[in-house]
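Trainee: The structure under discussion is supplied below as structure tokens; questions concerning it will follow.
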Amino acid sequence: MNIDNSLLEKYFKGTCTDEEVKLVEAYLSQPETPEADEWFQERYEESAGTPVVSMKRNIFRRWYSAAAAVAILIGVLGWMWQWQHNSAGKNLVASAWDTLANSGNDIKRLAMTDGSEVWLAPHSSVIYNQQYNDSTRELWLEGEAFFRVKSDQARPFSVHTGKLVTTALGTAFNISTTSKADGSIEVSLLEGKVSVATSAFSCILHPGQMIAWRDDLVSFAPVNFNLQEVNDWRQGKMVFDKTLLADAFARMQARTGCKIIIDPSIKKDLKVSGTFPASTPVENILEAMQYVHGFKVEKRGNNTYAIVTPTNNN
Numbered sequence: 030m031n032i033d034n035s036l037l038e039k040y041f042k043g044t045c046t047d048e049e050v051k052l053v054e055a056y057l058s059q060p061e062t063p064e065a066d067e068w069f070q071e072r073y074e075e076s077a078g079t080p081v082v083s084m085k086r087n088i089f090r091r092w093y094s095a096a097a098a099v100a101i102l103i104g105v106l107g108w109m110w111q112w113q114h115n116s117a118g119k120n121l122v123a124s125a126w127d128t129l130a131n132s133g134n135d136i137k138r139l140a141m142t143d144g145s146e147v148w149l150a151p152h153s154s155v156i157y158n159q160q161y162n163d164s165t166r167e168l169w170l171e172g173e174a175f176f177r178v179k180s181d182q183a184r185p186f187s188v189h190t191g192k193l194v195t196t197a198l199g200t201a202f203n204i205s206t207t208s209k210a211d212g213s214i215e216v217s218l219l220e221g222k223v224s225v226a227t228s229a230f231s232c233i234l235h236p237g238q239m240i241a242w243r244d245d246l247v248s249f250a251p252v253n254f255n256l257q258e259v260n261d262w263r264q265g266k267m268v269f270d271k272t273l274l275a276d277a278f279a280r281m282q283a284r285t286g287c288k289i290i291i292d293p294s295i296k297k298d299l300k301v302s303g304t305f306p307a308s309t310p311v312e313n314i315l316e317a318m319q320y321v322h323g324f325k326v327e328k329r330g331n332n333t334y335a336i337v338t339p340t341n342n343n
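Sequential numbering from 30 applies to the sequence shown in this note's numbering.
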């Protein structure tokens with residue numbers, strides 16, 4: 030089943046008739062949707078002139094300690110300037126930005142003004158324009174978050190992570206920028222359908238599919254993932270399912286704020302599996318891994334751990 034791009038345009042603007050809505054949604058339910066892929070790619074390229082908001086982790090942590098609050102008004106730090114399009118053409122305007130930041134070790138559940146919900150992982154943050162929901166719904170994420178998006182055909186919901194943009198209407202998906210040791214960005218879809226795009230490539234995800242993307246990749250392909258792993262972390266659980274040791278440590282550092290140093294002698298292909306309740310101390314998780322793989326954990330300072338090879342394996 031094929032579809033005309035003009036009909037997709039009407040659908041996403043919310044101007045379709047009931048019959049046209051049924052037609053488009055039947056099309057979007059197909060495994061392959063090349064016209065939609067192309068449409069999302071064109072929309073991405075049209076918005077390429079919008080400046081990327083830089084979100085350095087160390088800067089946000091300074092804000093965390095100073096504000097000690099989940100919602101921080103960026104206006105306190107000044108105004109950010111951006112190019113915006115309007116009916117009269119391109120004008121330079123001043124825009125105020127807000128940040129939702131989670132400086133603690135518990136999951137924060139946040140409600141957006143459009144009715145969408147965000148589960149924000151520890152030491153994570155999202156930034157958005159104060160005009161959010163006026164004509165667009167865009168967020169910039171640093172860290173990890175689960176999104177349950179309120180359906181709105183006229184205002185697609187987009188999350189920016191580096192050069193990657195994830196766009197949805199009404200759906201539920203997870204994004205993490207901190208769960209992989211190599212810096213990959215992971216997008217996992219639980220419900221509905223989303224487009225994941227860079228300036229050069231895009232694809233559509235279906236429920237149960239995910240992609241992992243890095244700057245040095247020219248393309249990416251969806252793979253299946255463990256849905257329970259995404260559902261469990263919203264309850265504060267630390268879930269590993271045949272996870273590479275380095276990735277498990279990256280996730281622990283992101284969610285607990287600890288620092289884990291891996292000695293070069295530790296094998297790169299070691300994997301771990303297990304589910305740890307939210308209240309499990311970092312030391313206990315590391316001890317469980319130590320028991321399985323036989324490495325040694327050395328505590329250095331208040332919140333730093335070194336993973337080393339034992340000097341004597343007997």
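No residue lacks a Cβ here, since even glycine has one placed at the ideal position from N, Cα and C.
1) With DSSP collapsed to three states, give me the class of residue 264.
2) DSSP state of residue 152, grouped into three classes?
3) With a 10 Å radius around its C-beta and 16 neighbouring C-beta atoms as the bar for buried, classify residue 147 as buried or exposed.
4) Measuring alpha carbon to alpha carbon, tell me which of 310, 254, 291 and 128 ends up nearest residue 271.
5) Taking Cβ to Cβ, would you say residue 241 is nearer than 8 angstroms to residue 213?
6) According to DSSP, what are the bridge partners of residue 214?
7) Does DSSP put residue 177 in a helix, a strand or coil?
8) Evaluate residue 31 with the Cβ neighbour count: other Cβ atoms within 10 Å of its Cβ, from every protein chain shown; 16 or more gives buried, anything less gives exposed.
9) Is there contact between the segment 197 to 205 and the segment 163 to 183, where contact requires at least three CB pairs shorter than 8 angstroms?
10) In terms of alpha-carbon separation, which member of 135, 235, 218 and 249 lies closest to residue 18?
11) Tell me whether residue 139 sits in a helix, a strand or coil according to DSSP, three-state version.
12) If you draw a straight line from the C-alpha of residue 307 to the C-alpha of residue 317, how long is it?
13) With H, G and I counted as helix, E and B as strand and the rest as coil, what does DSSP make of residue 128?
14) Can you check which of these residues, 198, 200 and 188, is closest to residue 215 by C-alpha distance?
15) Touch check for the segment 230 to 237 and the segment 289 to 306: three-plus C-beta pairs under 8 angstroms?
16) Please state the DSSP three-state secondary structure of residue 284.
17) Whole angstroms are fine: how far does the CA of residue 284 sit from the CA of residue 152?
18) Can you give me the C-alpha to C-alpha distance between residue 338 and residue 292, rounded to a whole angstrom?
19) Can you give me the start and stop residues for the beta strand (DSSP E) that residue 317 sits inside?
20) For residue 211 and residue 296, what's the separation of their Cα atoms in angstroms?
21) If you compare alpha carbons, which of 273, 282 and 217 is closest to residue 251?
22) Contact defined as beta carbons within less than 8 angstroms: I believe residue 194 pairs with residue 219. What is the distance between those atoms, to the nearest angstrom?
23) Compute the Euclidean distance between the alpha carbons of residue 18 and residue 322, then round it to the nearest angstrom.
24) Cα separation between residue 333 and residue 132?
25) Any idea what DSSP makes of residue 253, helix, strand or coil?
Mentor: Let me spell this out:
1) Reading the sequence shown from its first residue, position 235 is the one you call residue 264. If DSSP states are grouped into helix, strand and coil, residue 264 belongs with coil.
2) Taking the sequence shown and counting its residues from 1, one reaches residue 152 at position 123. Residue state, collapsed to three classes: coil.
3) Against the sequence shown, residue 147 aligns to sequence position 118. In the assembly as shown, residue 147 is a buried residue. Its beta-carbon has 16 or more other beta-carbons within 10 Å.
4) Locating residue 271 in the sequence shown gives position 242, where the first residue counts as 1. Distances from the CA of residue 271 to each of 310, 254, 291 and 128 were compared; the closest alpha carbon is that of 254.
5) Looking up residue 241 in the sequence shown gives position 212. Looking up residue 213 in the sequence shown gives position 184. In this structure, residue 241 lies near residue 213, with their beta-carbon atoms less than 8 angstroms apart.
6) The residue given as residue 214 occupies position 185 in the sequence shown. For residue 214, which the question treats as bridged, DSSP gives the partners 242.
7) Sequence index remark: in the sequence shown, residue 177 carries index 148 (1-based). Looking at residue 177 - three-state DSSP - the assignment turns out to be strand.
8) Residue numbering aside, residue 31 sits at position 2 when the sequence shown is read from its first letter. Exposed.
9) Contact holds between the segment 197 to 205 and the segment 163 to 183, because three or more Cβ pairs, one in each stretch, are under 8 angstroms apart.
10) Residue coverage of the chain in this structure runs from 30 to 343, which leaves residue 18 outside it and unanswerable.
11) Along the sequence shown, one-based indexing puts residue 139 at 110. Secondary structure of residue 139 (DSSP, three-state): strand.
12) The count along the sequence shown starts at 1 and reaches residue 307 at position 278. The count along the sequence shown starts at 1 and reaches residue 317 at position 288. The alpha-carbon of residue 307 is positioned some 15 angstroms away from that of residue 317.
13) Numbered from its first residue, the sequence shown carries residue 128 at position 99. Residue state for residue 128 is assigned as strand, using DSSP reduced to three classes.
14) Taking the sequence shown and counting its residues from 1, one reaches residue 215 at position 186. Here the closest residue by C-alpha is 188.
15) No contact exists between the segment 230 to 237 and the segment 289 to 306.
16) For the purposes of this step, residue 284 is identified with residue 255 of the sequence shown, where counting begins at 1. DSSP, reduced to helix, strand and coil, places residue 284 within a helical segment of the structure shown.
17) Position 123 of the sequence shown, counted from the start, is the residue given in the question as residue 152. Position 255 of the sequence shown, counted from the start, is the residue given in the question as residue 284. Separation of residue 152 and residue 284 (C-alpha to C-alpha, rounded to the nearest whole angstrom) is 6 angstroms.
18) Counted from its first residue, the sequence shown places residue 338 at position 309. Counted from its first residue, the sequence shown places residue 292 at position 263. About 7 angstroms.
19) Stepping through the sequence shown from its first residue, residue 317 is reached at position 288. In the DSSP assignment, residue 317 falls outside any beta strand (DSSP E) and lies within the alpha helix (DSSP H) extending over 311 to 322.
20) Taking the first residue of the sequence shown as position 1, residue 211 is located at position 182. Taking the first residue of the sequence shown as position 1, residue 296 is located at position 267. Taken atom to atom, the span from the alpha-carbon of residue 211 to that of residue 296 is near 16 angstroms.
21) Position 222 of the sequence shown, counting from 1, holds the residue named residue 251. If we check each option's Cα against that of residue 251, 217 comes out closest.
22) By one-based count along the sequence shown, residue 194 stands at place 165. By one-based count along the sequence shown, residue 219 stands at place 190. That belief does not hold up - the Cβ atoms of residue 194 and residue 219 are roughly 19 angstroms apart, past 8 angstroms.
23) Since the first residue shown for the chain is 30 and the last is 343, residue 18 is missing from the structure and cannot be characterised.
24) Translated into the one-based positions of the sequence shown, residue 333 becomes position 304. Translated into the one-based positions of the sequence shown, residue 132 becomes position 103. Cα atoms of residue 333 and residue 132: separation of roughly 18 angstroms, rounded to the nearest angstrom.
25) For this step, residue 253 is matched to residue 224 along the sequence shown. Annotated three-state conformation of residue 253 is strand, per DSSP.
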